[in-house]
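What follows is a single structure, written as structure tokens, with notes after it.
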Amino acid sequence: MTHKTIQPEGWAPALGYANGMLTKDGTLHIGGQIGWNKDKVFESKEFIPQMRQALVNIVDIVVASGGKPSDVVRLTWFVTDKATYVANQRAVGAAYREVFGKHFPAMSMLVVAGLVEDDALVEIEATAQLH
């Protein structure tokens, strides 16, 4: 087997995609996570709670793979509203640290016109290297 599909226990099924793919060398590729919970329900229509939930989802996938948050080596963020992100920098940092502590992997951010799920304000994909 060259890779293993990662789906955290209790999560609604991923249809047409994988939440995570773990390769035999320990690289975990995490598909874009949005601000909905394990049941694919948005608990908030606000940016910060959605961002925090997307990060929690990433950590849940890493943990389901046998890793820990500090194994994440890359995050790519897609946001629909640059002004909202910029205006909330302090809250972004606080929510980020709640989930990842002081672990800051390589990151990129792109501003996009929209995401597939209409209620999604942010999508974050990740790569982790498990030891």
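Note that the numbering used here has the sequence shown beginning at -10, numbered continuously upward.
All residues carry an ideal CB built from backbone N, CA and C; glycine is no exception.
Compare the Cα-Cα distances from residue i to each of the options and report the closest residue.
| i | options | result |
| --- | --- | --- |
| Asp108 | Lys29, Gly55, Gly5, Ala3 | Lys29 |
| Ala71 | Gly103, Lys(-7), Tyr85 | It should be noted that the sequence gives Lys, not Ala, for residue 71. Among Gly103, Lys(-7), Tyr85, the Cα nearest to that of Lys71 belongs to Gly103. |
| Arg124 | Gly55, Ile113, Gly56, Tyr74 | An answer regarding residue 124 cannot be provided, because it is not within the stretch -10 to 120 covered by the chain. |
| Gly56 | Val105, Leu11, Glu106, Leu110 | Leu11 |
| Leu110 | Ile23, Ile47, Ala76 | Ile23 |
| Gln118 | Asn8, Trp0, Ile19, Gly(-1) | Ile19 |
| Gly90 | Val68, Asp60, Trp66 | Asp60 |
| Ile37 | Phe93, Thr(-9), Val68, His92 | Val68 |
| Ala53 | Glu106, Lys13, Gly9 | Gly9 |
Since I believe residue j is in contact with residue i (beta carbons under 8 Å), could you give me their beta-carbon distance rounded to a whole number of angstroms?
| i | j | result |
| --- | --- | --- |
| Thr49 | Pro2 | As written in the sequence, residue 49 is Asp, which differs from the Thr given in the question. The Cβ separation is near 15 Å, so there is no contact. |
| Thr65 | Ser97 | 5 Å |
Where does residue i sit, in a helix, a strand or coil, going by DSSP?
| i | result |
| --- | --- |
| Val61 | strand |
| Leu11 | strand |
| Phe36 | helix |
Could you please give me the residues that DSSP links to residue i through a beta bridge?
| i | result |
| --- | --- |
| Glu87 | Partner(s): none; Glu87 has no beta bridge. |
| Ile(-5) | Gly9 |
| Ala117 | Leu17, Val61 |
| Phe67 | Leu99, Glu112 |
| Trp25 | Phe31 |
Legend entry - Segment contact, 8 Å Cβ cut-off, at least three pairs: the stretch 38 to 57 with the stretch 77 to 89: Touching, yes.
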